[in-house]
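Data first, discussion second: the structure below is written as structure tokens.
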Amino acid sequence: MKIDLNCVSAFVHVAHMGSYREAAKAMRIPVSTLSNRVSRLEESLGTSLLDRNTRVVRLTDIGQEYLTNAAPALEALDSAAHIANEQSVEPTGQLRITLPNELGQLYLARIIERYRQLCPEVSVDCELSNRRIRLQQEGLDIAIRAGKLEDSSLICKPIGSAQQLLTCASPKYLATYGIPVAPTDLKSQACLMMTGAQTPSRWDYLIDDRVEAIEIDSAIRVNHYGILRELALVHQGIIRVPSFLVNSDINAGTLTQLLTDYSLPSTRFHVLFRQSGRLSPKIRRFLQAVEECLDLTSTAPV
Numbered sequence: 002m003k004i005d006l007n008c009v010s011a012f013v014h015v016a017h018m019g020s021y022r023e024a025a026k027a028m029r030i031p032v033s034t035l036s037n038r039v040s041r042l043e044e045s046l047g048t049s050l051l052d053r054n055t056r057v058v059r060l061t062d063i064g065q066e067y068l069t070n071a072a073p074a075l076e077a078l079d080s081a082a083h084i085a086n087e088q089s090v091e092p093t094g095q096l097r098i099t100l101p102n103e104l105g106q107l108y109l110a111r112i113i114e115r116y117r118q119l120c121p122e123v124s125v126d127c128e129l130s131n132r133r134i135r136l137q138q139e140g141l142d143i144a145i146r147a148g149k150l151e152d153s154s155l156i157c158k159p160i161g162s163a164q165q166l167l168t169c170a171s172p173k174y175l176a177t178y179g180i181p182v183a184p185t186d187l188k189s190q191a192c193l194m195m196t197g198a199q200t201p202s203r204w205d206y207l208i209d210d211r212v213e214a215i216e217i218d219s220a221i222r223v224n225h226y227g228i229l230r231e232l233a234l235v236h237q238g239i240i241r242v243p244s245f246l247v248n249s250d251i252n253a254g255t256l257t258q259l260l261t262d263y264s265l266p267s268t269r270f271h272v273l274f275r276q277s278g279r280l281s282p283k284i285r286r287f288l289q290a291v292e293e294c295l296d297l298t299s300t301a302p303v
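FYI, in the numbering used here the residues of the sequence shown are 2 to 303.
Written out as structure tokens, the structure reads:
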């Protein structure tokens, strides 16, 4: 059985609009042409889809069942055609993105390299920042963020989970100053801390199923996690930094993870973007690049 999609579209328009005249107007064809297409569809199917014994357009039982299956199929075909058309047109313009400092330090170069392969005509404007952002007000297209999300107006795509902060130090430092076995032991250690944090003199740990803040006397303060990592690698003290920043060091044995029994639950990372109808090709391809290049569960290169 060969079905003309133009005939199916004519039937769906009539069923949805309840009028041959309105359906013909929407399809920009004469009413006679529309009526002919519906009749041809019924002939192909060997059954009546519309009850013509009434003044108003009314579906037969078979017509209702056919509409239930045909309408989504037409929408899917239309969407597929739209996507195919988008793929044939090279995206242009600018893409403005923001992501956390540490994540950008490790992954941004490879994400952009892959994205430029997918969208060579799109220029990329990147901001590395841990601050809260408002995409629309700041003219941003995409943000990568960790933790709880507050703006429900954005589309949110999970991209993975990671222990947000790990406590670690070099084996040489631990051999010299001892290994802390509980969070309170940190008070007698040389702790290297991040400036600009919400609680700059405290580190949070999970103790007896409760998050408790441990007051820390810092030996050194720096406003960059990457520098804290470098200081730990040269045996200056204990750090608490994002897991993806030190995964490779821990696996290589140059840093030792501490207080694993007190670690906080993993944090989910998301890609956020504004909803504006069908997803644009340049954003869809950026999501593809992120998916291909960002793996928070594996060892991140430094």
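For glycine and all other residues, C-beta sits at the position ideal for the given N, C-alpha and C.
Once you ignore the five residues that flank residue i on each side, which residues in its own chain have a CB closer than 8 Å to its CB?
i	result
Gly31	What sits at residue 31 in the sequence shown is Pro, not Gly. If we look at Pro31 and ignore the five residues flanking it on each side, its Cβ neighbours are Ala25.
Gln276	Ser154, Leu155 and Ile156
Arg286	Pro92, Tyr116, Leu119 and Cys120
Ile19	Note that residue 19 corresponds to Gly in the displayed sequence, not to Ile. Counting only Cβ-Cβ distances below 8 Å, and skipping sequence neighbours, we find Val57 and Val58.
Gly254	Pro172
Arg53	none
Tell me, to the nearest whole angstrom, how far the beta carbon of residue i is from that of residue j; I am working on the premise that it is less than 8 Å.
i	j	result
Glu216	Arg230	23 Å between Cβ atoms; not a contact.
Asp126	Gln106	That pair is no contact at about 18 Å.
Asp218	Lys188	7 Å
His14	Met28	6 Å
Ile113	Val272	Not a contact, Cβ separation roughly 15 Å.
Ile208	Tyr263	6 Å
Leu193	Gln237	6 Å
Ile239	Leu232	The Cβ separation is near 10 Å, so there is no contact.
Asp205	Leu265	6 Å
Taking its Cβ as the centre, do 16 or more other Cβ atoms sit within 10 Å of residue i, making it buried, or is it exposed?
i	result
Glu293	exposed
Ser171	buried
Gln118	exposed
Arg22	exposed
Arg133	exposed
Val39	buried
Leu256	buried
Ser299	Only weak support exists for where Ser299 lies, its pLDDT of 47 falling under 50; the coordinates are left without a value.
Leu78	exposed
Ser244	buried
Leu246	buried
Asn248	buried
Ala214	exposed
Val235	exposed
Ala290	buried
Might you give, ordered along the chain, the residues of its own chain that have their beta carbon closer than 6 Å to the beta carbon of residue i, omitting 5 neighbours on each side?
i	result
Gln258	Leu167, Cys169 and Ile251
Phe92	Before going further, note that residue 92 is Pro rather than Phe in the sequence given. Cys120, Val123, Pro282 and Lys283.
Gln4	With the sequence shown as reference, residue 4 is identified as Ile, and Gln is not the correct amino acid for it. Taken in chain order, the residues that qualify are Ser45.
Leu6	none
Val303	Below a pLDDT of 50, predicted positions are generally treated as unreliable, and Val303, at 36, falls in that range; no measurement from the model is reported.
Leu129	Asn102 and Gly105
Can you check whether the CB of residue j is closer than 8 Å to the CB of residue i?
i	j	result
Leu312	Ala11	Coverage of the chain is limited to positions 2 through 303, which leaves residue 312 absent and any answer about it impossible.
Gly181	Gln190	A small correction: the amino acid at residue 181 is Pro; Gly does not occupy that position in the sequence shown. Cβ distance < 8 Å, so Pro181 and Gln190 count as in contact.
Arg59	Leu51	yes
Ala163	Phe270	yes
Asn1	Thr268	Since the first residue shown for the chain is 2 and the last is 303, residue 1 is missing from the structure and cannot be characterised.
Val242	Tyr226	yes
Leu280	Lys158	no
Suppose the cutoff is 7 Å on Cβ atoms and the five residues either side in sequence are ignored; what does the same chain contact list for residue i look like?
i	result
Val9	Leu42, Ala71 and Leu75
Thr48	Ile63
Gly140	Arg97
Gln137	Arg275
Leu260	Thr168, Pro181, Pro184 and Tyr206
Gly179	none
Check your understanding: Can you find at least 3 beta carbon pairs, one from the region 140–148 and one from the region 98–116, that sit closer than 8 Å?
Key -> yes
Check your understanding: How do the region 108–118 and the region 47–65 stand: do at least 3 beta-carbon pairs fall below 8 Å, yes or no?
Key -> no
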